[in-house]
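Here is the structure we will look at.
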Amino acid sequence: MQFKVSKIDIYAVDIPFRMKFGHASKSRKSSESIFVKAESENGVSGFGESLPRRYVTGEDQSSVIDSLKTLLPGALLGKTFDSFGDVVDFCGSSFGDLKGASCAAIELALLDLAGRVFKCSVSKALGAVLVNDLRYSAAIGSVPPLKAGISALKFKLYGFKDIKIKVGDDRDIGRLKVVRALGGRDINLRLDANCTWGADEAIERLSAMRRYNFSLIEQPVKKGDIASLKKVSNAIREPVMADESLCTLDDAKKLIEEKACKMFNIRISKCGGLINSLNIAKLAQESGISYQLGCQVGESGVLSAAGRHFASCVKGIKYLEGSYAKFLLLEDVIKEDVGFGYGGRAGLLCGNGLGITVDEPRLKKYVTNEAIIK
């Protein structure tokens, strides 16, 4: 059994949100996504997704389309694969010139296609280790304090144990105060500053927030400022998590070498896909660094499914984010519901490929630009 890639469709997609979601670096009301459809000569297809963000990987929808249009005709079109392992090897060796979101979109499409052709789930082919349900955490954006508190109360009533709160403005103390008052003392609160502060300001502000008992702070300083990240990490007792500063395996190695943080936020889109993300997780485990799976704001069920497969292939994951599509997007583009239930519980995905079915007519309603390679 084998397959040959005969056609690649690249779509810029903009799915409206049900509500605006903001943090210190950006507020958005639609997804601004990339979808890739890879098709074999026998008509089998697989889908990938990414969310390019200038402030994270330096990409946007146009640059991703341009990058893929440049690379894929020579590197992938007409390429024959004899096994799922061939696809994994190809993805690991052929996309080195692509930035995170560009690589993630085409890699996921190929893995999904390979799983469908060779009749296996992506996680099983990549070495799944989990058989039990997963548990997701909730998130609260940069909203007024009362709204944040009401959200925390709702999450508590729905059984969530972990909540991440966006910080980085003058309402932080008020927001945390109301969240603790309505959400209670038992909820585990994580903070995410999205590159807001310098090191000294971060240390000062976090010291003031400590009375509300947060468990970690994510990316308190600018992307790439490892010295400041390390300074904050050494100055506070709560773990510092790298996010925007962690996009590649080389970034991970540098952060570990400099002892700049104690935790990693791995996100499939920014980190270049499942394979790169799994490699970063493996390095983190070997180096004693805790990690979580994060998500980009606006992910559809395609990336949510990829996240589920990632979580099925690793041990020791600290927190799990994502599968928010049915709550945030006006409508999802897949036919299945890959959301979570009470308490953030979600099952594993066992179907071929990513285990989901893209509703192409629904997807194409939100296409703003496209390129076809054949």
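Following our numbering, the numbering of the sequence shown begins with -15 at its first residue and continues without gaps.
We put the beta carbon where it would ideally sit given N, CA and C, even for glycine.
Note that the structure is a prediction, hence the values are computed from the model and not measured.
> Of all the options Ile134, Arg159, Leu338, Arg174, which has the alpha carbon lying nearest to the alpha carbon of Lys148?
Replying inline: For Lys148, the nearest C-alpha among the options comes from Arg174.
> Are Ala22 and Leu60 touching if we call contact CB-CB under 9 angstroms?
Replying inline: Yes.
>> Need the endpoints of the alpha helix (DSSP H) that Thr41 sits in, please.
In response: Here the alpha helix (DSSP H) through Thr41 covers 38 to 41.
> Nearest to Cys231 by CA position, among Lys319, Asn353, Leu82, is which residue?
Replying inline: Each of Lys319, Asn353, Leu82 was checked against the Cα of Cys231, and the nearest Cα belongs to Leu82.
>> On the DSSP bridge list, what partners appear for Thr232?
In response: Answer is none; Thr232 lacks a bridge partner.
> Three-state secondary structure (DSSP) at Arg12?
Replying inline: In the structure shown, Arg12 sits in a strand (DSSP, three-state: E or B).
> Based on Cα-Cα distance, which residue from Gly133, Arg292, Lys145, Asp156 lies nearest to Ala165?
Replying inline: The residue among Gly133, Arg292, Lys145, Asp156 with its C-alpha nearest the C-alpha of Ala165 is Gly133.
> Are the beta-carbon atoms of Arg318 and Ser274 separated by less than 9 angstroms?
Replying inline: The question names Arg, but residue 318 in the sequence shown is Ile. Contact flag unset, no.
> What is the C-beta distance between Ser307 and Phe294, in whole angstroms, given that I count them as a contact (C-beta under 8 angstroms)?
Replying inline: Cβ-Cβ separation between Ser307 and Phe294: approximately 12 angstroms, too far for a contact (criterion under 8 angstroms).
>> Checking the sheet assignment: what are the DSSP bridge partners for Met247?
In response: According to DSSP, which records beta bridges pairwise, Met247 is partnered with Met225, Ser274.
> When burial is assigned at 16 or more other CB atoms within 10 Å of the CB, is Gly339 buried or exposed?
Replying inline: Gly339 sits buried, since 16 or more C-beta atoms from the chains shown fall within 10 Å of its C-beta.
>> For the region 126 to 140 against the region 156 to 171, do three or more pairs of beta-carbon atoms, one drawn from each stretch, fall closer than 8 angstroms, so that the two count as touching?
In response: At 8 angstroms Cβ cutoff, the stretches touch.
> Exposed or buried, what is Leu130 when buried is set at 16 or more other beta-carbons lying within 10 Å of its beta-carbon?
Replying inline: Its Cβ having fewer than 16 others within 10 Å, Leu130 is exposed.
> Distance, Cα to Cα, Gln417 vs Phe144?
Replying inline: Outside the shown range of the chain (-15 to 358) lies residue 417, about which nothing can therefore be said.
>> If distances are taken between C-alpha atoms only, which option among Arg37, Arg12, Leu213, Glu91 comes closest to Ser77?
In response: Of the candidates Arg37, Arg12, Leu213, Glu91, Glu91 places its Cα closest to the Cα of Ser77.
> Arg159 to Asp176, Cα distance in whole Å?
Replying inline: Rounded to the nearest angstrom, the two C-alpha atoms are 13 angstroms apart.
>> For a test of the three-state rule: what should DSSP assign to Tyr(-5), helix, strand or coil?
In response: Correct three-state label for Tyr(-5): strand.
> Going by C-alpha distance, which of Gly337, Tyr326, Val351, Glu354 is nearest Asp117?
Replying inline: Taking each of Gly337, Tyr326, Val351, Glu354 in turn and checking the Cα distance to Asp117, the smallest one comes out for Tyr326.
>> Quick check: the Cα distance between Val286 and Leu347, rounded to an integer number of angstroms?
In response: Going by the C-alpha atoms only, they are around 11 angstroms apart.
> When the Cβ atoms of the region -6 to 4 are set against those of the region 297 to 316, are three or more pairs found closer than 8 angstroms?
Replying inline: Contact holds between the region -6 to 4 and the region 297 to 316, because three or more Cβ pairs, one in each stretch, are under 8 angstroms apart.
> Is the Cβ-Cβ distance between Pro223 and Leu190 less than 9 angstroms?
Replying inline: No, Cβ-Cβ distance for Pro223 and Leu190 is not below 9 angstroms.
> On the premise that Lys207 lies in contact with Cys245, defined as a C-beta separation below 8 angstroms, what is that separation, rounded to the nearest angstrom?
Replying inline: For a cut-off of 8 angstroms, the C-beta gap from Cys245 to Lys207 is around 13 angstroms, too long to register as a contact.
> Which residue spans inside the region 146 to 182 form an unbroken alpha helix (DSSP H) run of at least 4?
Replying inline: For the alpha helix (DSSP H) assignment, the uninterrupted runs of no fewer than 4 residues enclosed by the region 146 to 182 are, from N- to C-terminal side, 156 to 167.
> Can you tell which of Lys(-12), Ile(-6), Ser(-10) has the C-alpha that lies nearest to the C-alpha of Val351?
Replying inline: Residue Ile(-6) holds the alpha-carbon nearest to the alpha-carbon of Val351 among Lys(-12), Ile(-6), Ser(-10).
>> Does Leu200 come out as helix, strand or coil in the three-state DSSP assignment?
In response: In the displayed model, Leu200 falls within a strand according to three-state DSSP.
>> Assuming contact is defined by CB atoms lying nearer than 9 angstroms, are Met225 and Gln280 in contact in what I supplied?
In response: No, these two residues do not count as a Cβ contact at 9 angstroms.
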